[in-house]
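Quick note, the sequence shown lines up with residues 83 to 687 if you use the working numbering. Heads up, the beta-carbon is just placed ideally off N, CA and C, and yes, glycines get one too.
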Amino acid sequence: MMLVLGLVVFTMLMLVLEWIRADMVALLVVVAIGLTGLIPADRVFNGFAGNAVIAIIAIMIMGEGLDRAGVLSLTARFVMHMARGKESRLGVVINSVTSLFSAVIPSQALAALMIPVTSRLSARTGVPISRLLLPMAFCILTATNTTLIANSPLIVLNDLIASANNNLPPGAQTIPKFGLFSVTPVGLALAVAGVAFFWLFTRKLLPEREDARQKVTPGRTESYFAETYGIVGEAAELTVTAESPLVGMSIGEAEQLHGAPLILAIKSGNEARMAPPVDHVIWVGSVLGVLGPREQINQFANNQLCRLSPRMRQLGELFNPSRAGISEAVIPPGSRFIKQTVGDLRLRKRHGISVLAVTRGDHVYRDDVRSVSLRPGDTLVLHSSWRELAQTAEDRDLVVVTDIPREEQRPNKIWQAVGFFLTAKCLALFTHLDLSIAMMTGAIGMLLSGVLNMDEAYKAINWKTIFVTACLIPLGWSMDSTGTAAWLAQEVLAHMGGASPWILQLALAVLTLLFSQVMSNVGATVMMVPVAISVAVATGGNPSAYALIVAVSSSNTFLISSGHPALMMVTGPGGYKGKDFLRAGLPLTLLVLAITLVAINLMFH
Numbered sequence: 083m084m085l086v087l088g089l090v091v092f093t094m095l096m097l098v099l100e101w102i103r104a105d106m107v108a109l110l111v112v113v114a115i116g117l118t119g120l121i122p123a124d125r126v127f128n129g130f131a132g133n134a135v136i137a138i139i140a141i142m143i144m145g146e147g148l149d150r151a152g153v154l155s156l157t158a159r160f161v162m163h164m165a166r167g168k169e170s171r172l173g174v175v176i177n178s179v180t181s182l183f184s185a186v187i188p189s190q191a192l193a194a195l196m197i198p199v200t201s202r203l204s205a206r207t208g209v210p211i212s213r214l215l216l217p218m219a220f221c222i223l224t225a226t227n228t229t230l231i232a233n234s235p236l237i238v239l240n241d242l243i244a245s246a247n248n249n250l251p252p253g254a255q256t257i258p259k260f261g262l263f264s265v266t267p268v269g270l271a272l273a274v275a276g277v278a279f280f281w282l283f284t285r286k287l288l289p290e291r292e293d294a295r296q297k298v299t300p301g302r303t304e305s306y307f308a309e310t311y312g313i314v315g316e317a318a319e320l321t322v323t324a325e326s327p328l329v330g331m332s333i334g335e336a337e338q339l340h341g342a343p344l345i346l347a348i349k350s351g352n353e354a355r356m357a358p359p360v361d362h363v364i365w366v367g368s369v370l371g372v373l374g375p376r377e378q379i380n381q382f383a384n385n386q387l388c389r390l391s392p393r394m395r396q397l398g399e400l401f402n403p404s405r406a407g408i409s410e411a412v413i414p415p416g417s418r419f420i421k422q423t424v425g426d427l428r429l430r431k432r433h434g435i436s437v438l439a440v441t442r443g444d445h446v447y448r449d450d451v452r453s454v455s456l457r458p459g460d461t462l463v464l465h466s467s468w469r470e471l472a473q474t475a476e477d478r479d480l481v482v483v484t485d486i487p488r489e490e491q492r493p494n495k496i497w498q499a500v501g502f503f504l505t506a507k508c509l510a511l512f513t514h515l516d517l518s519i520a521m522m523t524g525a526i527g528m529l530l531s532g533v534l535n536m537d538e539a540y541k542a543i544n545w546k547t548i549f550v551t552a553c554l555i556p557l558g559w560s561m562d563s564t565g566t567a568a569w570l571a572q573e574v575l576a577h578m579g580g581a582s583p584w585i586l587q588l589a590l591a592v593l594t595l596l597f598s599q600v601m602s603n604v605g606a607t608v609m610m611v612p613v614a615i616s617v618a619v620a621t622g623g624n625p626s627a628y629a630l631i632v633a634v635s636s637s638n639t640f641l642i643s644s645g646h647p648a649l650m651m652v653t654g655p656g657g658y659k660g661k662d663f664l665r666a667g668l669p670l671t672l673l674v675l676a677i678t679l680v681a682i683n684l685m686f687h
């Protein structure tokens, strides 16, 4: 018990302090469990083969398949048609559609898909994106409990219940597992509450403020980026003459010169490229595509003996707004770019992308951008071709916010994607197959029918989420097998005396939601479900109700932006501050808490 409690405390501290990556913390924990023999050696890594993890993998693949087939683009058109440009109606339609998808697509993946859609709708209607993104992200979390296939804590719940059943006291009744739609009554109540909450209170909770983001469209970015990031000026061509001191310099050296504009493209001989790397050498006759104020470009051309052409004659194709331009992208949690500097990423050389600025909260980094170390939620201002940007975004190390021109990759496969997705849901609902087998049937159907290929399926899987989930499940098992959960339950009951079931449930729900604000919701679920089941058994309550209260409360993370990846991803693009989350999140937290307790008790009455 002492070992288990030590591991629990270690896990919580590491997830809160973030000294070590979350997936590495989880791997350390599972190895420690194996070394100390807290559970049998042949079960230590069973989390990787558990139904929960396999189901999560399959759901991630199917979500990618739906996106590849253009379901989200059809959604954007549907929302535009339904909203008809009215702000109040637009918010309701976006939140309703988001809630619908949240029942079947994991929250972080859905946020990445919906941010560009919301940006497109904001640009076309003139509604500030700050009025749309936060409600959209909150509605993802309120609706994620509608089914058992989109929310990791609910998927993990059955594995934790199976472990608890193996350690129940003699005579105790076995706890039944939850089916695909067992939680739907609770989830629907929360989803409707989230949509109604923002329909009634968006204007009061998110007050009007000047928002240039509504001007962001692929052909009209200058005003927004000038106002928000101080990136001003226009594009021009500089031809390097034989007398120019730039001859023989690298791009990096030229950019360090006093008064140098942004160098976004270069043409040497017949080869033209966007975002030249810093070690690319400038030769006689090289044509530089630069961005800056007209006076700055004129002065730089005179000082460096370059011929200035105000029109894009030789690089015009590269700077065509339908092919390239300035965009915004967010660094999501789990990105490989986190804790690396912009210079270390070598985005110019590897991907043909120039980073013009980085914004973090209220601070904008424009000078010496290459030395900025990236953090989750940072917003990057990029210049690139749309194709290069779309290909880079496929690796999910950044999420493009700006509505950039992109072709639907396989719109001819939309019926196969939707068909196999519905097949998977029907198998889970109407047969006795495990959730993992039902979901993987849909995933393999999409792969075989060409909705997406195997390499795309690998990229669709968020391996950090998989490792955290698979490695923390054994921690929940060890809490059961060592009696730690039962001991913690006794301590809770000893301090709370003869409290009513409602008070005990409220205490468990509040503890879970507080843990979820500062650590992963899977971690909070793994730690609290065994305790909740033990409390229910000790007091004669319904263990299923207590366990479900904990699993649902782990998604009640509205108070701070770092409480959930989906919230972190909208903070930068929406320009939100901590007080915005508290103003909207505190009343929504109390509402979700009340509905959760009432709905679950009615369901298990």
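Query, Result
"CB proline 235 to CB serine 636, shorter than 9 Å?", "yes"
"In chain order, what residues of the same chain have a beta carbon less than 6 Å from the beta carbon of alanine 525, not counting five sequence neighbours either side?", "Ala140, Ile143 and Met144"
"Can you tell me which of Asn177, Asn133, Tyr447 and Glu146 puts its alpha carbon nearest to the alpha carbon of arginine 492?", "Glu146"
"Quick check on the DSSP output: the alpha helix (DSSP H) that includes alanine 357 runs from which residue to which?", "Counting along the chain, alanine 357 falls outside any alpha helix (DSSP H), and DSSP gives it neither H nor E."
"Do threonine 224 and glycine 276 have their C-beta atoms within less than 9 Å of each other?", "yes"
"When you compare only the Cα positions, how much space is there between histidine 362 and leucine 370?", "12 Å"
"Could you check what DSSP says for glutamate 399 in three-state terms: helix, strand or coil?", "coil"
"Going by C-alpha distance, which of Leu99, Gly501, Leu95 and Arg103 is nearest arginine 418?", "Arg103"
"Do you know offhand how far leucine 97's Cα is from valine 372's?", "44 Å"
"Which value, in whole angstroms, describes the spacing of the CA atoms of glutamine 473 and threonine 671?", "38 Å"
"Alpha carbon to alpha carbon, how far is glycine 301 from isoleucine 486?", "Caution applies to glycine 301, whose pLDDT of 41 falls short of 50 and renders its modelled position unreliable; the model cannot decide the point."
"When you compare each of Arg395, Ile243, Trp584 and Thr423 to leucine 320 by their alpha carbons, which one comes out closest?", "Arg395"
"Leaving out five residues on either side along the sequence, give the residues of the same chain with a beta carbon under 6 Å from the beta carbon of glycine 269.", "Asn227 and Thr228"
"Of the residues Asp662, Asp149, His687 and Ile237, which one's Cα is nearest the Cα of proline 625?", "His687"
"Using a Cβ-Cβ cutoff of less than 6 Å, which residues in the same chain neighbour glycine 558 once the five nearest sequence positions on both sides are dropped?", "Leu242, Val608 and Pro612"
"I'd like to confirm the pairing. Which residues does DSSP put opposite valine 363 in its beta bridges?", "Ser332"
"In the DSSP assignment, what residue or residues form a beta bridge with isoleucine 138?", "Answer is none; isoleucine 138 lacks a bridge partner."
"DSSP three-state label for glycine 301, please.", "Annotation note: pLDDT 41 at glycine 301 (below 50); position unreliable, no value reported."
"Could you check which residue in Ile642, Phe183 and Leu148 has the C-alpha nearest to that of glutamine 498?", "Leu148"
"Determine the extent of the alpha helix (DSSP H) in which histidine 577 is found, giving its start and end residues.", "566-578"
"If the criterion is Cβ atoms closer than 9 Å, does the pair leucine 675 and leucine 588 meet it?", "yes"
"Please give me, in chain order, every unbroken run of the beta strand (DSSP E) with length at least 3 that falls completely inside the segment 459-545.", "461-467"
"Flag this pair as yes or no: are the beta carbons of serine 409 and valine 463 separated by less than 9 Å?", "yes"
"Assuming leucine 216 and leucine 172 form a contact by the criterion Cβ under 8 Å, report the distance between their Cβ atoms to the nearest whole angstrom.", "Actually they do not touch by this definition, with Cβ atoms about 14 Å apart."
"Are the beta-carbon atoms of isoleucine 631 and glycine 667 separated by less than 9 Å?", "no"
"Just reading off the alpha helix (DSSP H) that valine 209 is part of, what are its end residues?", "Counting along the chain, valine 209 falls outside any alpha helix (DSSP H), and DSSP gives it neither H nor E."
"Should the segment 323-330 be regarded as contacting the segment 375-388, the criterion being three or more beta carbon pairs within less than 8 Å?", "yes"
"Give me whichever residues DSSP pairs with arginine 442 in a beta bridge.", "His445"
"Suppose you measure from the CA of alanine 581 to the CA of leucine 85; what does that come to, to the nearest Å?", "30 Å"
"Identify the continuous alpha helix (DSSP H) that holds leucine 679 and give its terminal residues.", "660-685"
"Our contact map puts aspartate 426 next to asparagine 133 with C-beta atoms below 8 Å; I'd like the distance itself, whole angstroms only.", "Not quite, the Cβ-Cβ distance comes to about 39 Å (not below 8 Å), so this is no contact."
"With 16 other CB atoms within 10 Å as the buried threshold, where does phenylalanine 279 fall?", "buried"
"Could you pull the start and end residues of the alpha helix (DSSP H) that threonine 321 belongs to?", "Threonine 321 -> not in any alpha helix (DSSP H); beta strand (DSSP E) instead, spanning 316-322."
"Taking all protein chains shown into account, decide if leucine 590 is buried (16 or more other Cβ within 10 angstroms of its Cβ) or exposed.", "buried"
"Which residues bound the beta strand (DSSP E) around isoleucine 237?", "Not the beta strand (DSSP E): isoleucine 237 falls in the alpha helix (DSSP H), residues 234-248."
"Measure the alpha-carbon distance for phenylalanine 640 versus proline 647 and round it to whole angstroms.", "11 Å"
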